[in-house]
Amino acid sequence: MARVRLEHVTKRYDDQGDVVTAVDDMNLDIDHGEFICFVGPSGCGKSTTMETIAGLTIPTEGEIYIGDREVTNLPPKDRGIAMVFQNIALFPHMDVYDNISFGLRLRDYPQDEIDRRVERAADIVQLEGMLNRMPEEMSGGQRQRVAIARAIVREPDVFLMDEPLANLDAKLKVHMRTELQRLHKELDTTIIYVTHDQEEAMTLSDRIAVLDSGQLQQIDPPLTCYNEPDNLFVAGFIGSPSMNFIEGTVTDTALETPNFSLEFNPTSVEGVSAGDDVTLGIRPEDIYPGELKSEVPDPSGLITATTDILEPMGDEIFAYLLLGDGETSMSQELATNDQLLMSIDPDSDLEEDEEIGVVIDRRNVHLFDSATGEAIVHDLIPYEADSTTSGSEVESDD
Amino acid sequence: MATPTDTQEQSSDGPLQRWTQSAIQNPDKVYRALFYAAMVFFLVTTLFPFYWLIVLAVTPEGNLLSGSFLPTVNLFGVSGTFPLPVPKGFNPGAFVTVFEQVPFHLYMLNSFALAVTTTVIVLFVASLAGYVFGRLRFPGRALLMLGILAISYFPPAAFVIPLFQAFAGNAPITIPFTSIPLFTPPRMLNTPGSMVLPFSALFMPLSIFILTTFYGQIPDGLEDAARVEGTTRLGALFRVIMPLSAPGVATAAVLTFIAVYNEYFFSSIMATSPEAAKWSPIVGGILSYQTQYTTQFNLMAAASIVGVLPVVILVIVAQERIVSGLTSGALKE
Numbered sequence: 001m002a003r004v005r006l007e008h009v010t011k012r013y014d015d016q017g018d019v020v021t022a023v024d025d026m027n028l029d030i031d032h033g034e035f036i037c038f039v040g041p042s043g044c045g046k047s048t049t050m051e052t053i054a055g056l057t058i059p060t061e062g063e064i065y066i067g068d069r070e071v072t073n074l075p076p077k078d079r080g081i082a083m084v085f086q087n088i089a090l091f092p093h094m095d096v097y098d099n100i101s102f103g104l105r106l107r108d109y110p111q112d113e114i115d116r117r118v119e120r121a122a123d124i125v126q127l128e129g130m131l132n133r134m135p136e137e138m139s140g141g142q143r144q145r146v147a148i149a150r151a152i153v154r155e156p157d158v159f160l161m162d163e164p165l166a167n168l169d170a171k172l173k174v175h176m177r178t179e180l181q182r183l184h185k186e187l188d189t190t191i192i193y194v195t196h197d198q199e200e201a202m203t204l205s206d207r208i209a210v211l212d213s214g215q216l217q218q219i220d221p222p223l224t225c226y227n228e229p230d231n232l233f234v235a236g237f238i239g240s241p242s243m244n245f246i247e248g249t250v251t252d253t254a255l256e257t258p259n260f261s262l263e264f265n266p267t268s269v270e271g272v273s274a275g276d277d278v279t280l281g282i283r284p285e286d287i288y289p290g291e292l293k294s295e296v297p298d299p300s301g302l303i304t305a306t307t308d309i310l311e312p313m314g315d316e317i318f319a320y321l322l323l324g325d326g327e328t329s330m331s332q333e334l335a336t337n338d339q340l341l342m343s344i345d346p347d348s349d350l351e352e353d354e355e356i357g358v359v360i361d362r363r364n365v366h367l368f369d370s371a372t373g374e375a376i377v378h379d380l381i382p383y384e385a386d387s388t389t390s391g392s393e394v395e396s397d398d
Numbered sequence: 001m002a003t004p005t006d007t008q009e010q011s012s013d014g015p016l017q018r019w020t021q022s023a024i025q026n027p028d029k030v031y032r033a034l035f036y037a038a039m040v041f042f043l044v045t046t047l048f049p050f051y052w053l054i055v056l057a058v059t060p061e062g063n064l065l066s067g068s069f070l071p072t073v074n075l076f077g078v079s080g081t082f083p084l085p086v087p088k089g090f091n092p093g094a095f096v097t098v099f100e101q102v103p104f105h106l107y108m109l110n111s112f113a114l115a116v117t118t119t120v121i122v123l124f125v126a127s128l129a130g131y132v133f134g135r136l137r138f139p140g141r142a143l144l145m146l147g148i149l150a151i152s153y154f155p156p157a158a159f160v161i162p163l164f165q166a167f168a169g170n171a172p173i174t175i176p177f178t179s180i181p182l183f184t185p186p187r188m189l190n191t192p193g194s195m196v197l198p199f200s201a202l203f204m205p206l207s208i209f210i211l212t213t214f215y216g217q218i219p220d221g222l223e224d225a226a227r228v229e230g231t232t233r234l235g236a237l238f239r240v241i242m243p244l245s246a247p248g249v250a251t252a253a254v255l256t257f258i259a260v261y262n263e264y265f266f267s268s269i270m271a272t273s274p275e276a277a278k279w280s281p282i283v284g285g286i287l288s289y290q291t292q293y294t295t296q297f298n299l300m301a302a303a304s305i306v307g308v309l310p311v312v313i314l315v316i317v318a319q320e321r322i323v324s325g326l327t328s329g330a331l332k333e
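First to last, the protein sequences are chains H and G. Heads up: the first sequence begins at 1 in UniProt numbering, then just goes up one per residue. Heads up: the second sequence begins at 1 in UniProt numbering, then just goes up one per residue.
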């Protein structure tokens, strides 16, 4: 059983007198056989966290356990891990067979055992007949498969994958993604996977660990991260295109934003009271054109907006809407109060610079504390609704 | 005098002007001409001494000092001096006599053993140092590197007297400027130790510098991969970093080997007399053909040629390795 636990792991670098905290008090408990993705923007500490698990970096504080053993200060070779690197890192002076069998030969396995395992690993990643090639003679995808074979051949307790698909082209990436999932099913090993691509994280993982500035923001299954983000950062990071954020103030009967108001009963929602400054979060697919109002379970009032830019994606159209006086705001802040991104049906005959009315699905409105960024609720129940059912914080409606 | 030529060239478009014109239009021609000129110069200066050695070696001893090496040739009634020295007589037996008169193979073996031992020690220690300087970051790295390089700026002669005293093992080593004894070193004169140790120290800085440059260029990912796969840092150095730096390692090895193989100054002092049994090197052997009353230039020349052969072979072999290492360019990760 290879359960991986991180307890209060902290890594600080001394950068010419400045102390940089790359990982800040990280606590993780990863179950055997779980596929975990570390996701976050560049410099969020996800790679450093993985390096501490791999043993390539020794944490400044905290303990790391793999299985029942404390491995905090063990060298990488004694941790029962295998790793796939972003830059693939095949040994250029060895052929595929030597690359795959490198770890086994170091551990003095008998030759027939090495052959058997290399054969099987090559079979899993579909590299039969290429064992005598040199890495430089192979394509990016093939090299990546060699790197994966090199990792699985050792039958490690834990797989660490540091952005293994980052250097592949888009098509190959999608293909390798499915192969990785198949691999995980076949091997039943714990996999820790680092990526900055939230889409990869959503599709691959059992649970996503969202990291920002060295701190764990949320660790939950993909859909929970998507539907019930713990804070503004997770809400903005998970989902593509990202969630709309609009700042507003709670009154006795509604949420007032600069351009529209959303009616609801603050007393029925736990954690919200009149006078609070909140940030409203709404995903593009939870905004509908006004004519579909009847199909929306809990629609808001009609909000007038002007279409700005349309981005047809084939299966949907992303429409950038301008609220209020139609002036584009160039603000780079997370909450762009007068802009909304809406996802609409591809058959829509909507045109640019057209004035339309839209409604918001109040069941999928997220409220965040403007000061702390913490999530307050993930749905606004209309004030006509029965107050006994309201106030639920974690009503999942996916 | 310039005026008539000028007018002549202007009027008839003389050969110099034509050549200048074409050189301006086609500068590659000039570059090629310069390349050949430089090439010929270097070939002559490097190969002529070898040719001269061969001429001396095959000339019988009795003919060495009489007459000229530049023969007079008489071609169709025109007589003149042939510009290239040629042997006066033919005596290939000198290459055998070389081994009969003096155990020259033993001197060669001495030089070879000293060179190989020194090269192995230098490569091992310089690899460790190169790894540290090239791949680790620590305060004072640049200063330490500078200190190591500074050793190679000292003239080796500066170390001879203290080293001789130390290796003689007659008196205890004292703390500088005092007479407080530290320890009495073992007597190492006339043993390989008294030569390998100073050679290693003297040739180390260059190798460290070369290997630092090469090891510093190996991507971190490869070392990480090796360590995850099951090597220690040291294992990664010798299994991955070193093989991938083969051109650098070969360069450092060849330079060290040749320098030690040709070394004479230290070994002539550390070996108290030029005897093979006292680890005197090749040059010591060559000088043994010179006695108080005679100098057998033909044997010295023959011995020099024989002595140079191993280095020639080494360079040819290593050059192939260096070239193949440079051209494969496999370091894209």
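Yeah, the Cβ is synthetic: ideal placement off N, Cα and C, and Gly gets one too. Keep in mind the model is a prediction, meaning the values are calculated, not measured.
Distances from the CA of Val20/H to each of Asn27/H, Asp29/H, Thr10/H, Leu28/H were compared; the closest alpha carbon is that of Thr10/H.
For Arg107/H, the C-beta contacts it makes with chain G under 8 Å involve Gly230, in order along the chain. When Asp369/H, Phe260/H, Pro297/H, Asp286/H are compared, the shortest CA-CA separation from Gly324/H is found for Phe260/H.
Residue contact with chain H for Ala225/G: present (Cβ-Cβ distance below 9 Å to some residue of chain H). Per the DSSP secondary-structure output, Cys37/H pairs in a beta bridge with Tyr193/H, Ile208/H. Straight across, the Cα-Cα distance linking Thr81/G with Phe69/G is about 10 Å. Looking at the DSSP output, Val19/H bridges to Asp14/H. In this structure, the beta-carbon distance from Asp369/H to Val278/H falls below 9 Å.
The shortest CA-to-CA distance from Asp276/H to any of Cys44/H, Asp252/H, Leu310/H is the one to Asp252/H. For the 9 Å CB-CB criterion, Leu255/H and Leu367/H form a contact.
In the DSSP assignment, Phe245/H is bridged to Gly281/H. Residue pairing for Glu7/H: DSSP places it in a beta bridge opposite Glu63/H. Ile316/G sits exposed, since fewer than 16 C-beta atoms from the chains shown fall within 10 Å of its C-beta.
Taken in chain order, the complete beta strand (DSSP E) segments of 3 or more residues contained in the region 63–138 of chain G are 72–75, 78–81.
Remark: fewer than three beta-carbon pairs, one from each stretch, lie closer than 8 Å, so the region 113–123 of chain H and the region 194–212 of chain G are not flagged as touching. By the neighbour-count criterion, in which 16 or more other beta carbons inside 10 Å mark a residue as buried, Tyr107/G falls on the buried side. Fully enclosed alpha helix (DSSP H) runs of no fewer than 4 residues are not present anywhere in the region 65–98 of chain H. Runs of the alpha helix (DSSP H) spanning 4 or more residues and lying entirely within the region 169–209 of chain G do not occur at all.
Excluding the 5 residues flanking it on each side, Glu163/H has same chain C-beta neighbours closer than 6 Å at Gln86, Val194, Thr195, in chain order.
Within the DSSP bridge table, the entry for Ala305/H names Leu323/H, Ile356/H as partners.
The Cβ atoms of Gly169/G and Pro181/G do not sit closer than 9 Å to each other.
Distance from the CA atom of Cys44/H to the CA atom of Leu302/H, rounded to whole angstroms, is 40 Å. At the C-beta level, Met204/G and Val125/G come within 9 Å of one another. Rounded to the nearest whole angstrom, the C-alpha separation of Val240/G and Asp78/H is 19 Å. An exposed status is given to Pro110/H, since fewer than 16 other beta-carbon atoms sit within 10 Å of its beta-carbon. For Asp298/H, the three-state secondary structure derived from DSSP is coil.
Considering only Leu34/G, Leu163/G, Gly221/G, His105/G, the residue with the shortest C-alpha distance to Gly284/G is His105/G. Looking at Ala276/G, Trp279/G, Thr232/G, Phe297/G, the one whose alpha-carbon comes closest to that of Leu74/H is Thr232/G. Chain G places a beta carbon closer than 9 Å to that of Gly103/H, counting this residue as a contact. Asn364/H carries a helical assignment under DSSP once its states are collapsed to helix, strand and coil. Judged by DSSP secondary structure, Phe265/G falls within the alpha helix (DSSP H) whose first and last residues are 265–270. With 16 or more other CB atoms across the displayed protein chains lying within 10 angstroms of its CB, Asn227/H is buried.
In the DSSP assignment, Gln217/H falls within the beta strand (DSSP E) that extends over 215–220. A straight line joining the alpha-carbon of Glu351/H with that of Cys225/H spans about 33 Å. Taking 9 Å as the threshold, the shortest C-beta distance from Gly221/G to chain H falls below it.
Judged by DSSP secondary structure, Met342/H falls within the beta strand (DSSP E) whose first and last residues are 339–344.
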